[in-house]
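Residue numbers (the working numbering), protein chains in the order written: chain F, 3 to 89; chain H, 159 to 371.
Okay, here's the thing in structure tokens:
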């Protein structure tokens, strides 16, 4: 599910309707994926998945696979918090 | 008397990063002053302390005095890493200032100077920052630092060392005396920025070797 939604976000923000995301894909390989559009992408990803990134987390991302891993771990943390019984 | 260490060889990097700020600011020259304006010291410290900065990624070599305080150093990386490092820095900066009252800082960053320096030749070793606290200049430490840069460049298999220096900087003469050639001029009149690209070919060992024991 993450994969499909991410691809939609990338296609719409970068305005490349036939873009296919692979885990190895890096910004260098996609025209128009610069630091500004990267920030736009991440704002859209945050809003869609209701998570929040720190600047350092974003700086360490090397490719799409890294982003997916980060996203999954943030979603997992969020779900765990929700599962914890209230005291 | 003096020790030269890699940033990732110390557990005390946060403290050293604080003490490195003065020479990092100086090394950034008019470009940093224009980019960060009134927030210069704050932004340079922010940058230094991020886990993504070259200080933490092993690109920094710090010159320590006998008491272990940082009195200067250099930050250099293989050219093939420069674009991705710069993008990571830009992403961090834009992210931290993405909304609200900090929009002015973001706009300054985007205002056509973020890509001011252009591309670094692919086979070069890029000397991003080099500096000394004022009271430690003219004591031969600059040469020690530069020799460290060329040694690392050779070890990395690079064919030259590449840097950008402010046109009016006194360091420009130091680089020329050390064998650097001026290869390109960068002028951004609206922001009063004037920088020179310099390159030091690393083909043969320097003929000056031995002159500075």
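Just so you know, even glycine gets a beta-carbon here, dropped at the ideal spot from N, CA and C.
* Could you round the C-beta distance between residue 217 (chain H) and residue 233 (chain H) to whole angstroms and report it? I think they count as a contact, below 8 Å. => Looking up residue 217 (chain H) in the second chain gives position 59. Looking up residue 233 (chain H) in the second chain gives position 75. Their Cβ separation, rounded to whole angstroms, is 5 Å, which keeps residue 217 (chain H) and residue 233 (chain H) in contact under 8 Å.
* Closest by CA to residue 390 (chain H), which one among F:17, F:38, F:50 and F:28? -> No answer is possible for residue 390 (chain H): it lies beyond the span of chain H, which begins at 159 and ends at 371.
* Asked: Nearest-angstrom Cα distance between residue 181 (chain H) and residue 18 (chain F)?
  -> Translated into positions along the second chain, residue 181 (chain H) becomes position 23. Translated into positions along the first chain, residue 18 (chain F) becomes position 16. Near 44 Å, if we compare the C-alpha coordinates of residue 18 (chain F) and residue 181 (chain H).
* Asked: Under a CB-based cut-off of 8 Å, is residue 47 (chain F) close to chain H?
  -> Residue numbering aside, residue 47 (chain F) sits at position 45 when the first chain is read from its first letter. With 8 Å as the cut-off, residue 47 (chain F) does not count as an interface residue toward chain H.
* Other residues of its chain near residue 205 (chain H): CB distance less than 6 Å, five sequence neighbours each side excluded -> Within the second chain, numbered from 1, the residue matching residue 205 (chain H) stands at position 47. Excluding positions up to five away in sequence, the list reads 211.
* If we ignore side chains and look at the alpha-carbon of each, how far apart do residue 220 (chain H) and residue 173 (chain H) end up? -> Residue numbering aside, residue 220 (chain H) sits at position 62 when the second chain is read from its first letter. Residue numbering aside, residue 173 (chain H) sits at position 15 when the second chain is read from its first letter. Roughly 12 Å separates the two Cα atoms.
* To do: Please state whether DSSP places residue 43 (chain F) in a helix, a strand or coil.
  => For the purposes of this step, residue 43 (chain F) is taken as the residue at position 41 of the first chain. If DSSP states are grouped into helix, strand and coil, residue 43 (chain F) belongs with the helices.
* To do: Can you check the stretch 222-297 of chain H for any beta strand (DSSP E) of at least 3 residues that lies completely inside it and give the ranges in chain order?
  => 228-236 and 282-290
* **Endpoints, beta strand (DSSP E) assigned at residue 339 (chain H)** => Here residue 339 (chain H) is taken as the residue at index 181 of the second chain, counted from 1. It spans 339-346 - the beta strand (DSSP E) in which residue 339 (chain H) sits, taken as one unbroken run.
* Are the C-beta atoms of residue 4 (chain F) and some chain H residue less than 8 Å apart? -> Here the question's residue 4 (chain F) lines up with position 2 in the first chain. Cβ-Cβ to chain H under 8 Å: no for residue 4 (chain F).
* Taking C-alpha atoms, which residue in H:335, H:337 and H:352 lies nearest to residue 343 (chain H)? -> Residue numbering aside, residue 343 (chain H) sits at position 185 when the second chain is read from its first letter. It is H:352 whose Cα lies nearest to the Cα of residue 343 (chain H).
* **Exposure of residue 22 (chain F), with buried meaning 16 or more beta-carbon neighbours within 10 Å** => Along the first chain, one-based indexing puts residue 22 (chain F) at 20. Residue 22 (chain F) is exposed by the Cβ-count criterion.
* Asked: Going along chain H, which residues have a C-beta under 7 Å from residue 29 (chain F)?
  -> The residue given as residue 29 (chain F) occupies position 27 in the first chain. Going along chain H in sequence order, the residues near residue 29 (chain F) (Cβ under 7 Å) are 245.
* Asked: Can a CB atom of chain H be found closer than 8 Å to the CB of residue 53 (chain F)?
  -> Within the first chain, numbered from 1, the residue matching residue 53 (chain F) stands at position 51. No, residue 53 (chain F) does not count as interfacial toward chain H.
* To do: Answer yes or no: do residue 338 (chain H) and residue 358 (chain H) have a C-beta to C-beta separation smaller than 8 Å?
  => Reading the second chain from its first residue, position 180 is the one you call residue 338 (chain H). Reading the second chain from its first residue, position 200 is the one you call residue 358 (chain H). Closer than 8 Å, so yes.
* To do: With DSSP as the reference, label residue 5 (chain F) as helix, strand or coil.
  => Translated into the one-based positions of the first chain, residue 5 (chain F) becomes position 3. Looking at residue 5 (chain F) - three-state DSSP - the assignment turns out to be helix.
* Verify the CB distance criterion: does residue 58 (chain F) have a CB-CB separation below 8 Å to chain H? => Numbered from 1 along the first chain, position 56 holds the residue referred to as residue 58 (chain F). Closer than 8 Å: yes.
* To do: Would you check if there are 3 or more beta carbon pairs closer than 8 Å linking the stretch 177-196 of chain H to the stretch 58-71 of chain F?
  => no
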